[in-house]
Each structure stands twice: as C-alpha cells, then as structure tokens.
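One line per chain: the protein sequences are S and G, in this order.
The numbering of the first sequence is our numbering, which starts it at 1 and goes up by one.
The numbering of the second sequence is our numbering, which starts it at 295 and goes up by one.
Beta carbons are placed, not taken as given, at the ideal position from N, Cα and C, and that holds for glycine.
I have placed the structure first, in the form of structure tokens, so that the comments after it can refer back to it.
2 protein chains.
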Amino acid sequence: MSFKEMFDQYRVEIEEALDKSIVVDDKDYAGLVEAMRYSLLSGGKRIRAVMVLEFCRLFSGEYKKAMPYACAIEMVHAYSLIHDDLPCMDDDDFRRGKPSCHKQFGEANALLAGDALLTHAFEHPFSNCEGLDAKTAIAAMRELAVFAGYSGMVGGQYIDLDSEGKKIPLELLNKLQLLKTSGLIRAAGKMGAILGGATQKQLETVDSYCQKLGLAFQITDDILDVVGDEKLLGKPIHSDEENEKSTYVSIFGLEEAKKIADELSDQAVAELNKLPGDKEFVIELTNMLARRTY
Amino acid sequence: MSFKEMFDQYRVEIEEALDKSIVVDDKDYAGLVEAMRYSLLSGGKRIRAVMVLEFCRLFSGEYKKAMPYACAIEMVHAYSLIHDDLPCMDDDDFRRGKPSCHKQFGEANALLAGDALLTHAFEHPFSNCEGLDAKTAIAAMRELAVFAGYSGMVGGQYIDLDSEGKKIPLELLNKLQLLKTSGLIRAAGKMGAILGGATQKQLETVDSYCQKLGLAFQITDDILDVVGDEKLLGKPIHSDEENEKSTYVSIFGLEEAKKIADELSDQAVAELNKLPGDKEFVIELTNMLARRTY
Chain S
1 MSFKEMFDQY
11 RVEIEEALDK
21 SIVVDDKDYA
31 GLVEAMRYSL
41 LSGGKRIRAV
51 MVLEFCRLFS
61 GEYKKAMPYA
71 CAIEMVHAYS
81 LIHDDLPCMD
91 DDDFRRGKPS
101 CHKQFGEANA
111 LLAGDALLTH
121 AFEHPFSNCE
131 GLDAKTAIAA
141 MRELAVFAGY
151 SGMVGGQYID
161 LDSEGKKIPL
171 ELLNKLQLLK
181 TSGLIRAAGK
191 MGAILGGATQ
201 KQLETVDSYC
211 QKLGLAFQIT
221 DDILDVVGDE
231 KLLGKPIHSD
241 EENEKSTYVS
251 IFGLEEAKKI
261 ADELSDQAVA
271 ELNKLPGDKE
281 FVIELTNMLA
291 RRTY
Chain G
295 MSFKEMFDQY
305 RVEIEEALDK
315 SIVVDDKDYA
325 GLVEAMRYSL
335 LSGGKRIRAV
345 MVLEFCRLFS
355 GEYKKAMPYA
365 CAIEMVHAYS
375 LIHDDLPCMD
385 DDDFRRGKPS
395 CHKQFGEANA
405 LLAGDALLTH
415 AFEHPFSNCE
425 GLDAKTAIAA
435 MRELAVFAGY
445 SGMVGGQYID
455 LDSEGKKIPL
465 ELLNKLQLLK
475 TSGLIRAAGK
485 MGAILGGATQ
495 KQLETVDSYC
505 QKLGLAFQIT
515 DDILDVVGDE
525 KLLGKPIHSD
535 EENEKSTYVS
545 IFGLEEAKKI
555 ADELSDQAVA
565 ELNKLPGDKE
575 FVIELTNMLA
585 RRTY
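Written as structure tokens, this is what we have:
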C-alpha cells in the first residue's frame, strides 16, 4: 500500500469513528451536540489521530485498539480551536473555510461545545477500552491530560496571548511552541507508543521525535502565513503580522526559517531511525508535515 | 467526633490537598496558574469533595485514597463556575464575595484557567493513584466525565441558557437541574462509592439518593435566591427574577417549594438507610444541604 493509500485509509476510519463518537441522544440539548459535531467533523488532516494509530501500529503491529484514543485527541484539538477562535481570544470568524463555531452557534454555545468536547475526550476512551489493560489506558490518557493542560497546550496558549504585540526572545518562542503546537503532537506520539507497548527508552525517543516534528510543523505554519495560498489553507494569511506576533519568520527571515524547518525534519527522521519496525509511513508523514505547502 | 468536627476535618484536609494539587512550576505561565488557584482555592463548602470522601469511607472504612478524586471534582466545579460567570454566559462580576475570575484576570485568562482546571481534573488522579486498582480508578473517572459532559452538567447549562426568558414546563426544569446541579453531586456520590468498592445495586441506591439530594439542594438554592441573606450567600439575591429564569419558587411559590425540598430530603435519607455502614454523618450532611440557610 502506498503512503497516500494508507494515509487515506486511516483518515476514512478516523472520520467514521469520530462520527459515531458523539450522537444526539436527547432533543433538549441537541443544539449543543450539533455545535460539537460541527467543529469535530469539519475536516482537517487528522494528523494527531493518524500519529496515535501509526505509533501504536509501529510497536504492536495493530492499530484498531488505539482508535478511541485517536478520537480523544481530535476532540481535544477541536475544543482548542473553538476556544482559540472566540472573541476574547484570537477573534477569528473563519476556520477551515467555514464560519467558526461561535459565528455559527453564538458565543455561549461555542464555549459550552468546547467544554463538552474536552470532557468527552476523557470519557470516550474509558467507555471503549475493551481488550486494553487498564494501567496502559490510564498511562495513555495521563499523557493527553498533561500535554493538553497548564504545563502543556493551555500554558502555551497563555504565553502566546501574553506575548502579543511584544518582541519575544527566541528562547521564549521555542518554549511557547513546544507547549502550544507541539503539545498535542507529543501527546499523540506518546499515547500511540504507550498503547503499542513501547519501552521507556523508546518513549523518550518518540518524544524527542515529536518535539522536533512539532517545531518544524510550527515553523512551516509561520512560513505559510506569509507565502501560503489562502484558498488552500482555508484561512486568511498575514494574520501573524496583523496580530504583531513574533514568529520564526519574523526572527529569522523566510529563507533561514525554511532551512531550520528542513534541518529539524531531518533530525526528526534520525530519531525515528532509532526505533524498531517498519518506519516508512511515519518517515513520509514527517516529510509531508514539515514540508507541506498548505 | 461530632458532625461538625468531622466536616471541618474533611474540609481542612481537602484544602491542604487542593493547595498542593497545582503548583507554580514555571514563571512564564505563572499568571495562568495564579488564576487557576484563585478560583480553586477561594473557599466554598467543598460539598462535592466531602461526598467523595464520605461515600468511600462508608463502603471501605477509609477515605484517604479518594482524596485525588475529591480534588478532581472540585477542579471541575471551579472550572464550571469560572465559565458560567463569563460575560457571554451569566456575566457575573462577583463570586463568593470576591471579583469573579474574569474581573480579576481578564476574560481570555479566565477562559484558559477554566480549560486548564478541567484538564487537570483528569490528570491529577492519574498522577496520584498509588494503591488503587487501575480498573477502579477508570470507573470512577468515567463517572466524572459522564456527569460533567454534554449528557450531564454542560448539557444542563445549555438547556438553562436556552430557557432564559421563557416559561419552561416543570418536566424540563427537573431535567435541567438533574443534569446541571445534580450532575456533579451524582458524580461525587458514585465516585466515592466506586472507590470504596460498592456493589452495582448499592451504586444504584447511591445514585437515587444523589438525585433526590441534588433536587432538594437546587430547590433550596431557588428559595435562598428569594429570601436569603446577600452577605451570608456572598452573592446578590433576586438574580433568577432578573434573568427571567423559571425556578421551583416561580412555579410552586415559596411555601410549597419548601415543602417539596423537605420531602425530597426525607426521601434521600430513606435511600441512605438501605445502605450498610455508619450513615450518621451523611444523613446530617443531607439535612444540612437540603435545609441550609446560606
């Protein structure tokens, strides 16, 4: 199977599982469930979910048991986008070419839809953990909570907001992105590896890979905000400049930023090569993510 | 030990555990942690945490192992209050006599502090579950996620917002409160009972007790919003009338509402009497909560 075929198969299965993961079971709060589903099922590349499945497969040869966890990480990702788009945060009217959740359902409902998605992320795997050792399930979900919380993604978002309009040093930008963007990427890699039965040393290698990939991914994001195609991206470009955000491009310039992303991507692949198993897919995934054009 | 002494001992231990549950470990997001701690440690009766501990004690004779779960439910409660107070929700400037989180730290930081508290609720017990069977830990945390999520507390909050300014039928008011106010009370009772090793039949009795207690608690809340003392309550009264909310008082009148709360409280105690063990404390707790004057 080619990389593209395997990637598409993962995505089809993820979409099916997400579609079944939240159902309208009560007319009185159907509007809330509709808002949750609107944001959860609005496309996106499902990179984090694919990583959970693929790292599980890499260490155990199978990925089906990791599906509820792959869904959970997409729920956390979807909630974070809903809350990030709110007027008191980035105040974005569009997301993936569609009205953002609060433009579609109102601010209060968007806030609640985000809260409910975050909460459901911690229910769904525990309601669907047949065939998995309970200790392993806890270890995987603990990673998600750590990397999504105050010392992870939310902490990074706090630093990001706190830095708006300021020139921040590279050290702080690295830290911000290690928490914010890389947070869920690290959670995805580690969750998949834990579910697949990786050793402690292998987990450290996976985490090192995820940190490099996350940074390369963010630098590419910064580059695309300057040179990307608005139609392909589904969002306006030049938003960093408008929000006066420090980025890898504002610090290093476009060419140097591209070079750094390339180097990080090579370093990430070098980490992968320390791991056992068939790494062809995840190496191609790494190159796709770090060198993407939209 | 008298009821009051035991209640106070629980509360002292809960405050100590909460104080240790989130620490500032990084200056760059110290402001976020400060906002989380401001809301988490701002007092409150800690009823839900006490229930977790007491139901664990009732079934197993000891309560210390339930402390991380008692902390988790207080984190969920604190997050829900922060988000409820936001301008797009109830727009409340005060909480327990102090400025609400967004008045103190700004809207974006309050939103993030709520998100981070909710996330930490699902990390804390999994980082502190020594001596507990992993399956039991998962079962307890699953209850928290179910009762806090879209088919629980958040669903109830959605119906509440959706009903503002409308006269709603008693059936919908009952449902709303069963989800919204009773949600975490049911989670507290069931989590404690699960951690204490209750049987399935006992869990059903605990849930029935919690539903009756939750409703009595809410009716008393509605009554206090009409006849309570603002200073003792730490918040303005007559807010339901101002927000045109349907309440048990607006439907039944003050006297009849008091009678219903009394009856529910008696029914709750009758459920407790089906359970084994020393129920003196939890019976006094029930009467205190359902017949409280602030």
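CB of residue i within 8 angstroms of CB of residue j, strictly
i	j	result
S:Ile-237	S:Glu-230	yes
S:Ala-35	S:Cys-101	yes
S:Glu-55	S:Ala-193	Reading off the sequence shown, one finds Phe at residue 55 of chain S, where the question assumed Glu. The answer is yes: Cβ separation under 8 angstroms.
S:Cys-216	S:Ala-290	With the sequence shown as reference, residue 216 of chain S is identified as Ala, and Cys is not the correct amino acid for it. Result yes, Cβ atoms of S:Ala-216 and S:Ala-290 sit closer than 8 angstroms.
S:Leu-172	S:Ile-159	yes
S:Leu-184	S:Val-76	yes
G:Leu-412	S:Asp-115	yes
S:Lys-259	S:Leu-58	no
G:Glu-417	S:Ala-145	yes
G:Ala-434	G:Tyr-363	yes
S:Leu-40	S:Ala-78	yes
G:Leu-527	G:Thr-580	no
S:Phe-105	G:Ile-432	no
G:Cys-365	G:Ser-296	no
G:Glu-458	G:Glu-535	no
G:Arg-515	S:Gly-31	According to the sequence provided, residue 515 of chain G is Asp. The question's Arg does not apply to it. In this structure, S:Gly-31 does not lie closer than 8 angstroms to G:Asp-515 by Cβ.
G:Leu-489	G:Lys-359	yes
S:Thr-205	S:Glu-255	no
Residue i at chain G interface by Cβ criterion, 8 angstroms
i	result
S:Val-154	yes
S:Gly-149	yes
S:Asp-28	yes
S:Phe-122	yes
S:Ala-116	yes
S:Phe-126	yes
S:Lys-162	The sequence shown places Asp at residue 162 of chain S, rather than the Lys named in the question. Interface residue, yes.
S:Thr-119	yes
S:Leu-342	Any answer about residue 342 of chain S is impossible in this case: the structure gives chain S only from 1 up to 294.
S:Ala-70	no
S:Glu-62	no
S:Leu-224	no
S:Leu-41	no
S:Leu-170	no
Residue from the options whose Cα sits closest to the Cα of residue i
i	options	result
S:Gln-202	S:Leu-195, S:Leu-275, S:Ala-134, S:Gly-149	S:Leu-275
S:His-120	G:Val-344, G:Arg-436, G:Leu-426	G:Arg-436
G:Asn-567	G:Ile-517, G:Ser-502, G:Asp-519, G:Glu-538	G:Ser-502
G:Ala-343	G:Ala-551, G:Met-361, G:Gly-355, G:Tyr-332	G:Met-361
S:Ser-246	S:Leu-176, S:Ile-283, S:Leu-213, S:Leu-233	S:Leu-176
S:Leu-179	S:Ser-151, S:Val-249, S:Phe-105	S:Ser-151
G:Met-447	G:Ser-354, G:Leu-518, G:Ser-374, G:Asp-519	G:Ser-374
G:Gln-505	G:Asp-385, G:Ala-555, G:Arg-305	G:Ala-555
S:Ala-108	G:Met-582, G:Glu-417, G:Asp-385	G:Asp-385
G:Leu-518	G:Glu-307, G:Ala-311, G:Tyr-332, G:Val-543	G:Val-543
S:Ile-14	S:Leu-32, S:Ser-2, S:Tyr-38, S:Gly-43	S:Gly-43
G:Met-582	G:Thr-493, G:Phe-441, G:Lys-339	G:Lys-339
S:Gly-253	S:Val-226, S:Tyr-294, S:Glu-16	S:Val-226
G:Thr-587	G:Glu-565, G:Gly-522, G:Gly-571, G:Lys-529	G:Gly-522
G:Ile-341	G:Tyr-304, G:Ser-533, G:Ile-545	G:Tyr-304
S:Leu-18	S:Tyr-29, S:Arg-37, S:Ala-148	S:Arg-37
S:Lys-166	S:Asp-93, S:Lys-190, S:Ile-251	S:Ile-251
G:Lys-484	G:Ala-442, G:Gly-449, G:Arg-389	G:Ala-442
Within-8 angstroms CB hit, residue i to chain S
i	result
G:Lys-469	yes
G:Ile-453	yes
G:Ala-487	no
G:Thr-475	no
G:Glu-368	no
G:Gln-402	First, the amino acid is wrong: residue 402 of chain G is Ala here, not Gln. With 8 angstroms as the cut-off, G:Ala-402 counts as an interface residue toward chain S.
Chain-ordered neighbours of residue i on chain B, where CB pairs are closer than 7 angstroms
i	result
S:His-77	The structure shown contains no chain B; the protein chains it does contain are S and G.
Could you name the residues of the region 377–389 of chain G whose beta carbon sits closer than 9 angstroms to any beta carbon of chain S, in the order they occur along the chain? His-377, Leu-380, Pro-381, Cys-382, Met-383
Residues within the region 131–146 of chain S neighbouring chain G, beta-carbon criterion of under 9 angstroms: Asp-133, Ala-134, Lys-135, Thr-136, Ala-137, Ile-138, Ala-139, Met-141, Arg-142, Leu-144, Ala-145, Val-146
Three or more beta-carbon pairs under 8 angstroms between the region 20–33 of chain S and the region 262–272 of chain S, yes or no? no
Does the structure place the region 122–141 of chain S close enough to the region 299–315 of chain G that three or more beta carbon pairs sit under 8 angstroms? No, because fewer than three Cβ pairs between the region 299–315 of chain G and the region 122–141 of chain S fall closer than 8 angstroms, the two stretches do not touch.
Name the residues in the region 8–39 of chain S whose C-beta lies less than 8 angstroms from a C-beta of chain G; which are they? Going along the region 8–39 of chain S in chain order, one finds Ile-22, Asp-25, Asp-26, Asp-28, Tyr-29, Gly-31, Leu-32, Val-33, Met-36 with a Cβ nearer than 8 angstroms to chain G.
Using Cβ-Cβ distances below 8 angstroms, what residues of the region 234–267 of chain S are close to chain G? none
Give me the subset of the region 273–285 of chain S whose CB atoms are less than 9 angstroms from a CB atom of chain G, sorted by chain position. none
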